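Per the numbering used here, the sequence shown runs over residues 558 to 817.
Idealized CB from N, CA, C, for every residue including glycine.
All values derive from a computational prediction rather than experimental measurement.
The structure appears below as structure tokens.
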Amino acid sequence: MNTIEKLAERIIKDAVRNHASDIHIVPRRSDTLIQLRLANKLIPRLYLPKEECDRLISHFKFTASMDIGEKRRPQSGANSYQIDGQMIGFRFSTLPSSHNESLVIRILPQQEQIPFYQISLFPSMTRKLLALLKHAHGLIIFTGPTGSGKTTTLYSLLNETSHMFNRNVITLEDPIEKENDMVLQVQVNEKAGVSYATGLKAILRHDPDIIMVGEIRDAETAKIAVRAALTGHLVSLIGTCMSTKSQNQLFQLTLVSAIF
């Protein structure tokens, strides 16, 4: 194992053992700052020379099947590691900056599945969420800022409904954050022509009962999702902190789809 691999492993293990949610690799003019997000705060952990940081980011990009030579556009990828006997998933996201590429790594423990009865402080709210999943069709939207628990809540509910109600559950994600053998998970791949819109169209021909869409990226995806909800499918959408304008647009799409 070379020096960069050892450094990458040390950073990852430090983050996992401190129960961090994210690792931030931030390039600066003269050095690079490694930070961990702990309890909604960014804690500085390490300072690296710029040359060493370049090799570190390239190593992470290689392990996540990203294009090492492309530094001018944002990229995303995913990988998993076995740490202290636990399988941990990692979601990588690069962003070009004025000094170099920055990299943020989201840490996703694969084996930590919160039971449905623990996803809310109020048991009545949990019962309402489960009641929504019993419907044959409709649209459920989870919104909120990053780290608010949208994905955790949705995965807990999907895990519950897949074996509780014996329904065909298909997800469309970019990337797949938590692997679940109880549902069919589809990875978005823009290069291969599998966008959210085209993937959602293909899923509708796969006889699903419940569809989970990981992100609302454009109007076409929203239109297809709304039409699917109106034609005998239960659709769950994740929207990160949707603005009032976005909510109004989605509501208008619902009305238009209902009319036509």
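Tell me whether residue i sits in a helix, a strand or coil according to DSSP, three-state version.
i	result
residue 625	coil
residue 739	coil
residue 733	coil
residue 571	helix
residue 783	helix
residue 708	helix
residue 760	helix
residue 716	helix
residue 676	coil
residue 810	A caution first: residue 810 carries a pLDDT of 48, below 50, which makes its placement in the model unreliable, though a value can still be read off. Helix, per DSSP.
Can you tell me where the beta strand (DSSP E) with residue i in it begins and where it stops?
i	result
residue 728	726-730
residue 683	From DSSP, residue 683 is part of no beta strand (DSSP E) but of the alpha helix (DSSP H) over 680-690.
residue 788	Neither: residue 788 is in no beta strand (DSSP E) and is coded neither H nor E.
residue 750	No beta strand (DSSP E) contains residue 750, which DSSP labels as neither H nor E.
residue 698	695-701
Under the DSSP definition of a beta bridge, which residues are partnered with residue i?
i	result
residue 646	637, 665
residue 566	Note: residue 566 sits in no beta bridge, so no partner.
residue 770	729, 794
residue 581	592, 661
residue 600	593
residue 632	651
residue 744	730
Would you kindly report the start and end of the unbroken alpha helix (DSSP H) that includes residue i?
i	result
residue 612	607-620
Rounded C-beta distance between residue i and residue j? I'm assuming under 8 angstroms.
i	j	result
residue 646	residue 635	7 angstroms
residue 601	residue 592	5 angstroms
residue 761	residue 718	Rounded, the Cβ-Cβ distance is 19 angstroms, inconsistent with contact.
residue 697	residue 572	Not confirmed; about 32 angstroms, so no contact.
residue 727	residue 768	6 angstroms
residue 590	residue 694	49 angstroms between Cβ atoms; not a contact.
residue 705	residue 582	About 24 angstroms; that fails the 8 angstroms criterion.
residue 791	residue 766	7 angstroms
residue 688	residue 616	Not confirmed; about 47 angstroms, so no contact.
residue 631	residue 603	Actually they do not touch by this definition, with Cβ atoms about 24 angstroms apart.
residue 612	residue 568	About 13 angstroms separates the two Cβ atoms, so there is no contact after all.
residue 701	residue 729	With 8 angstroms as the limit, residue 701 and residue 729 do not qualify as a contact, their Cβ atoms being about 20 angstroms apart.
Less than 7 angstroms between C-beta atoms, sequence neighbours within five positions excluded: which residues of the same chain meet that for residue i?
i	result
residue 563	none
residue 570	640
residue 758	781
residue 725	764, 765, 766
residue 654	584
residue 747	none
residue 756	729, 743, 745
residue 624	632
residue 656	584, 585, 586
For residue i, which residues of its own chain have a beta-carbon under 6 angstroms away from its beta-carbon, when the five flanking residues on both sides are left out?
i	result
residue 733	742, 744
residue 662	580, 647, 649
residue 677	683
residue 777	754
residue 638	645
residue 620	636
residue 618	625
Is residue i near the ligand SAH, in the sense that its beta carbon is under 6 angstroms from a heavy atom of that ligand?
i	result
residue 579	Here there are no bound small molecules, and the ligand SAH is not part of this structure.
Taking 8 angstroms as the limit between beta carbons, can you name the residues of its chain near residue i, skipping five residues before and five after?
i	result
residue 775	753, 754
residue 595	575, 576, 577, 578
residue 711	699, 769, 793, 795
residue 587	607
residue 789	693, 694
residue 723	none
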